[in-house]
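Student: Have a look at this one.
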Amino acid sequence: MKPEHDVFLTIEQLAARYNRKVSTVKTLVSRSPEALPPSIKLGNARNAPVRFRLSDCIKWEDTLMQRQATRNRQTSVRSLKCLLD
Numbered sequence: 001m002k003p004e005h006d007v008f009l010t011i012e013q014l015a016a017r018y019n020r021k022v023s024t025v026k027t028l029v030s031r032s033p034e035a036l037p038p039s040i041k042l043g044n045a046r047n048a049p050v051r052f053r054l055s056d057c058i059k060w061e062d063t064l065m066q067r068q069a070t071r072n073r074q075t076s077v078r079s080l081k082c083l084l085d
């Protein structure tokens, strides 16, 4: 998807996408932004709206999937080594 045609998600839409409460996403935006896809704050005010680019969300999901697959492979290798010892 080209950046100029990208879709932006609201906090409510992101919460629905990840099956989370809106309040949880709002808390994570301010306290643990690394636990969410990259966000964009629209303005400087404390209560300025926050948006998430859909393409960033998809990349973030792919990264999480790759990390999990790597962990699963490492766990499997360790389990096999224990069995062989």
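Take the sequence shown: its position 47, counted from the start at 1, is 47 in full-length UniProt numbering, and no numbers get skipped.
All residues carry an ideal CB built from backbone N, CA and C; glycine is no exception.
Start and end of the alpha helix (DSSP H) containing R17?
Tutor: Mapped onto the sequence shown, residue 17 falls at position 17. First-last of the alpha helix (DSSP H) with R17: I11 to R17.
Student: Would L54 pass as a contact of V7 if the rule is Cβ separation under 8 Å?
Tutor: Within the sequence shown, numbered from 1, the residue matching residue 54 stands at position 54. Within the sequence shown, numbered from 1, the residue matching residue 7 stands at position 7. Cβ atoms of L54 and V7: closer than 8 Å.
Student: Just to confirm, is the Cβ distance from R51 to L42 under 8 Å?
Tutor: Against the sequence shown, residue 51 aligns to sequence position 51. Against the sequence shown, residue 42 aligns to sequence position 42. Taking 8 Å as the Cβ cut-off, R51 and L42 qualify as a contacting pair.
Student: Do L9 and R17 have their C-beta atoms closer together than 8 Å?
Tutor: Indexing the sequence shown from 1 puts residue 9 at position 9. Indexing the sequence shown from 1 puts residue 17 at position 17. Going by C-beta atoms, L9 is nearer than 8 Å to R17.
Student: Using the Cα positions of N72 and A45, report the straight-line distance between them to the nearest angstrom.
Tutor: Within the sequence shown, the letter at position 72 stands for residue 72. Within the sequence shown, the letter at position 45 stands for residue 45. Cα to Cα, the separation comes out at about 43 Å.
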